[in-house]
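Following: one structure in structure tokens, then a few remarks.
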Amino acid sequence: MKTASSLLQTIAFVATLVSAAPTLETSLFARQAISTLSTAQIASFKPFSFFASAAYCQPARTLAWSCGANCNANADFIPTASGGDGSSTQFWYVGFSPSQNSVIVAHQGTDTSKIQALLTDAEAVRGKLDASLFPGVPSAVTVHDGFRNEHAKTAPTILAAVQRTLSAHPASKRVTVVGHSLGAALALLDGVYLPLHISGVTFRTIGYGMPRVGNQDFANYVDSHISLTHINNREDFVPILPGRFLGYSHPAGEVHIQDSGAWTSCSGQDNTNSACTVGDVGNIFEGHAGDHSGPYDGEISAISVSDDQLD
Numbered sequence: 001m002k003t004a005s006s007l008l009q010t011i012a013f014v015a016t017l018v019s020a021a022p023t024l025e026t027s028l029f030a031r032q033a034i035s036t037l038s039t040a041q042i043a044s045f046k047p048f049s050f051f052a053s054a055a056y057c058q059p060a061r062t063l064a065w066s067c068g069a070n071c072n073a074n075a076d077f078i079p080t081a082s083g084g085d086g087s088s089t090q091f092w093y094v095g096f097s098p099s100q101n102s103v104i105v106a107h108q109g110t111d112t113s114k115i116q117a118l119l120t121d122a123e124a125v126r127g128k129l130d131a132s133l134f135p136g137v138p139s140a141v142t143v144h145d146g147f148r149n150e151h152a153k154t155a156p157t158i159l160a161a162v163q164r165t166l167s168a169h170p171a172s173k174r175v176t177v178v179g180h181s182l183g184a185a186l187a188l189l190d191g192v193y194l195p196l197h198i199s200g201v202t203f204r205t206i207g208y209g210m211p212r213v214g215n216q217d218f219a220n221y222v223d224s225h226i227s228l229t230h231i232n233n234r235e236d237f238v239p240i241l242p243g244r245f246l247g248y249s250h251p252a253g254e255v256h257i258q259d260s261g262a263w264t265s266c267s268g269q270d271n272t273n274s275a276c277t278v279g280d281v282g283n284i285f286e287g288h289a290g291d292h293s294g295p296y297d298g299e300i301s302a303i304s305v306s307d308d309q310l311d
């Protein structure tokens, strides 16, 4: 991704909110256990890092699966559909990965050259989920208005594309939803949404640099119903936004990449251990904007695209 510094400028105006009382906030949450991922466990995320990065490419390129290195890394991928304009609607694509034996759904993250998408990141107001899209989800669940509204633009179209892909590959009973930044938030909402409309399938969500999406009830619902891994890189401050004092909570499933390159699994919600993001990045001034774009897989800066792929 090419505009991490612009992301810092975009959210700087809420700095006084997101940095308020970090010490008090940390003291309210018990420290929780951590463990270190093996080399094999880290390597298992590599294909999904590239799938998430490919979502920054124009829909015509992902539909043809000709987006350069990010597509070449998963060369056997079979696209079904793609869409979005990268401004009023984020890019997305759906297809099938024979190597993973899984349908893949990918959402574009925050390309900060598109100001309208940035406004989605700047809002911190929460609202209830649309009952027609999320039937049966408790009314106490609330999520970021901007993320919710952005997700609703493409949800039925993506659902139809996933259903077509599953029909075309009946031996597969897996769906994996991926995204980076804003795309990770949209991926999480899809991870909640899709299982409500498709049965007999195993769903998994993998997010990179994911901001907080909803309230405590949302986090609890995700933990009870969704298989989620959200991977944070070093001192990336985006995952601490919006602040917990605003009523936001992360679900469990954090993996934090250390400065040493080790990957740490952080148990529970918003783990305050210093090896996890909340404990490592007390406020945005303790974070580094450049860490938001990766690398997310060893030596590979997977969340990155060239200008010709975006334009």
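Anchor point for the sequence shown: position 270 equals 270 in full-length UniProt numbering, and the numbering is continuous, going up by one each time.
Backbone N, C-alpha and C fix where the C-beta goes; we use that ideal spot for every residue, glycine too.
Put residue i into one of helix, strand or coil per three-state DSSP.
i, result
"T23", "Here T23 scores only 40 on pLDDT, less than 50, and its place in the model should not be relied on; the value that follows carries that caveat. Looking at T23 - three-state DSSP - the assignment turns out to be helix."
"N220", "helix"
"P79", "strand"
"T3", "Note that T3 scores 40 on pLDDT, short of 50, meaning its location in the model is unreliable and no value can be drawn from it."
"residue 316", "In the structure displayed, the chain extends from 1 to 311; residue 316 sits before or after that span and is not available."
"V213", "coil"
"I104", "strand"
"L37", "coil"
"V177", "strand"
"V192", "helix"
"S53", "helix"
"G207", "strand"
"T89", "coil"
"S167", "helix"
"A117", "Any reading at A117 needs caution, since the residue's pLDDT is 44, under 50, leaving its predicted position unreliable; the model's value is listed next. It is helical."
"R244", "helix"
"C67", "coil"
"E150", "helix"
"D291", "helix"
"R126", "strand"
"F285", "helix"
"G95", "strand"
"D297", "strand"
"L186", "helix"
"L28", "Because L28 sits at a pLDDT of 41, beneath the cut-off of 50, its placement in the model cannot be relied upon, and the following sentence gives the value as read from the coordinates. L28 falls in the coil class under three-state DSSP."
"N233", "strand"
"I226", "coil"
"V143", "strand"
Nearest to residue i by alpha carbon, out of the options?
i, options, result
"A106", "T39, L129 and F48", "F48"
"H288", "G179, D259 and G95", "D259"
"C71", "C57, A81 and G84", "C57"
"D280", "A60, F77 and R234", "R234"
"G253", "T202, G294, M210 and P242", "M210"
"Q90", "N283, A187, D236 and V192", "A187"
"R174", "S99, A54 and S87", "S99"
"T80", "T277, W65, G86 and A140", "W65"
"Y208", "G294, S87, T62 and G95", "G294"
"Q269", "V177, N283, H292 and Q216", "Q216"
"D85", "T39, F134, S44 and R61", "R61"
"G183", "S167, H169, P156 and H151", "H151"
"Q32", "S267, S224 and Y296", "S267"
"H230", "Y193, N271, A55 and C67", "N271"
"N146", "N74, L133, S132 and A185", "Here residue 146 turns out to be Gly, not Asn, going by the sequence shown. G146 has its Cα closest to that of A185, out of N74, L133, S132 and A185."
"residue 324", "S87, S97, A69 and A54", "Missing from the structure shown is residue 324; the chain here goes from 1 to 311 and no further."
"F134", "L189, N74 and S224", "L189"
"P156", "Y193, G261 and H169", "Y193"
Would you call the CB atoms of residue i and residue j closer than 8 Å?
i, j, result
"residue 392", "V143", "Because the chain here runs from 1 to 311, residue 392 falls outside it and cannot be looked at."
"S35", "S265", "yes"
"T202", "L228", "no"
"S181", "A219", "no"
"L37", "V255", "yes"
"Q277", "P239", "For the record, residue 277 in the displayed sequence is Thr; it is not Gln. Against a cut-off of 8 Å, the Cβ pair of P239 and T277 comes out as a contact."
"W263", "I78", "no"
"L246", "A140", "no"
Should residue i be listed as close to the ligand ZN, given that the test is whether its C-beta is under 7 Å from any heavy atom?
i, result
"T157", "In the structure on display, the ligand ZN does not appear, and there are no ligands present to speak of."
Report back the beta-carbon spacing between residue i and residue j to the nearest angstrom; my notes put them in contact at under 8 Å.
i, j, result
"residue 361", "G191", "Because the chain spans 1 through 311 in this model, residue 361 falls outside it and cannot be assessed."
"G95", "T154", "Not confirmed; about 15 Å, so no contact."
"P138", "Y93", "Actually they are not in contact, since the Cβ atoms of P138 and Y93 sit about 31 Å apart, beyond 8 Å."
"F51", "V178", "5 Å"
"D297", "D236", "Not really, about 15 Å apart at Cβ, beyond 8 Å."
"S283", "I257", "Residue 283 is actually Asn in this sequence, not Ser. That pair is no contact at about 20 Å."
Are at least three pairs of beta-carbons, each pair with one atom in the stretch 185 to 198 and one in the stretch 154 to 168, less than 8 Å apart? yes
Contact between the stretch 124 to 141 and the stretch 90 to 107 (3+ Cβ pairs under 8 Å): no
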